[in-house]
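Participant: Below: one structure in structure tokens.
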Amino acid sequence: MKKWVALFVVILIIGTIFSGTLAEIKARGKLIIGTEPTFPPFEYVSENNEIVGFDIDIAQRIADELGVKLEIQNLPFDSLIPALMSDKIDLIVAGMTITEKRAKVIDFSIPYFNANQAIVVRGDEDFKPVKLDDLKGKKVAVQLGTTGDLVVSDIKEIKVTRFQKFTDAFLELENKRVDAVVLDEAVANAYVKTFPKFIISAVIDTGEKYGIGVKKGNKELLDFVNSVLSNMFKSPYDLLVEKWFEETK
Ligand code: GLN
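Numbering (my numbering), first residue to last: 6 to 254.
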């Protein structure tokens with residue numbers, strides 16, 4: 006009996022030490038990422054009911070380089086960091102902005118995309134805010150826990166309604182229960198393209214950069230993700246320069 010307990014404890018310890026490491030991911034044969042798929046074109050649910058997008062293609066490349074399958078977990082945005090911290094997922098690939106506060110609890114890859122916030126309103130109305138202050142006294146929908154949520158929550162005169170899904174935030178705008186939605190510009194562009202009744206009335210220069218989230222201290226996985234990203238940034242020309250000049254140095 007004691008032996009079994011000891012064995013169990015050993016397995017538990019090994020499990021904790023190796024969880025999320027490259028060896029463990031390879032042994033399990035899949036890379037598990039967390040994302041919130043109402044964020045086109047980074048991650049959204051396609052007509053075939055699959056989660057696709059820019060981030061998913063990046064995640065697929067990381068999985069390919071590791072020689073494993075990709076598993077995508079669909080989670081609310083504000084659950085992604087807790088899921089990563091408790092080893093439910095290996096990576097957050099969700100258009101997540103690198104912020105000081107988040108970087109205290111998780112590690113981030115090198116930046117892979119620049120972003121700003123956009124204010125989206127109904128096109129057929131006179132209300133056309135050009136700056137955040139114009140939202141004072143107005144009702145604004147955001148996604149819970151996002152940088153859009155942060156910038157509007159900073160101004161106490163704005164009445165903020167927080168949703169898990171951007172699709173619900175836009176439904177609220179459509180039904181005139183809010184006056185605006187604040188979200189990342191590239192995603193705002195995608196929604197406005199699909200729903201031409203909405204327009205972007207302003208872009209707020211927040212100078213954000215997206216990073217892939219890795220569990221704090223998991224340097225091996227972080228280095229791997231960074232190497233995949235930096236290889237993706239290289240053009241065929243860059244690779245030739247590296248081959249013929251830098252490597253002969
Ligand atoms: N970039 C924003 C953030 O990190 C929004 C991300 C998202 O909603 N997926 O808060």
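Even glycine gets a Cβ: it sits at the ideal position worked out from N, Cα and C. All of these numbers come straight from a predicted model, not from anything done at the bench.
Going by CA-CA distance only, name the one from K181, I111, D69, E52 that's closest to D129.
Facilitator: Taking the first residue of the sequence shown as position 1, residue 129 is located at position 124. When only C-alpha atoms are compared, the closest one is K181.
Participant: Given a threshold of 16 other Cβ atoms within 10 Å of its Cβ, counted over all protein chains shown, does I160 qualify as buried or as exposed?
Facilitator: What you label residue 160 is simply residue 155 of the sequence shown in a count that begins at 1. Exposed is the call here.
Participant: On the DSSP bridge assignment, give the partners of E48 in chain order.
Facilitator: Mapped onto the sequence shown, residue 48 falls at position 43. F44, per the DSSP bridge assignment.
Participant: Candidates F118, T104, N119: which alpha carbon is nearest D112's?
Facilitator: As a working mapping, residue 112 is identified with position 107 in the sequence shown. Checking every option, the nearest Cα to that of D112 belongs to T104.
Participant: Below 7 Å, is the gap between the Cβ of Q169 and the nearest heavy atom of ligand 1?
Facilitator: Mapped onto the sequence shown, residue 169 falls at position 164. No - ligand 1 has no heavy atom lying nearer than 7 Å to the Cβ of Q169.
Participant: Taking 7 Å as the cut-off, is the CB of G100 close to at least one heavy atom of ligand 1?
Facilitator: On the sequence shown, residue 100 is found 95 positions in, with the first residue counted as 1. At least one heavy atom of ligand 1 is nearer than 7 Å to the Cβ of G100, so yes.
Participant: For a quick check, are the C-beta atoms of F82 and A108 less than 8 Å apart?
Facilitator: Walking along the sequence shown from the start, residue 82 turns up at place 77. Walking along the sequence shown from the start, residue 108 turns up at place 103. Not a contact, by the Cβ cut-off of 8 Å.
Participant: Does DSSP put V187 in a helix, a strand or coil?
Facilitator: For the purposes of this step, residue 187 is identified with residue 182 of the sequence shown, where counting begins at 1. Of the three classes helix, strand and coil, the one that applies to V187 here is strand, per DSSP.
Participant: In chain order, which beta strand (DSSP E) runs of at least 3 residues are fully inside the region 67-93?
Facilitator: Here the runs fully enclosed are 74-79.
Participant: Can you grab the Cα-Cα spacing for the pair A191 / V10, in whole Å?
Facilitator: For the purposes of this step, residue 191 is identified with residue 186 of the sequence shown, where counting begins at 1. For the purposes of this step, residue 10 is identified with residue 5 of the sequence shown, where counting begins at 1. Rounded to the nearest angstrom, the two C-alpha atoms are 53 Å apart.
Participant: Any heavy atom of ligand 1 inside 7 Å of the beta-carbon of T152?
Facilitator: Counting from one through the sequence shown, the residue named residue 152 turns up at place 147. Yes, Cβ of T152 sits closer than 7 Å to a heavy atom of ligand 1.
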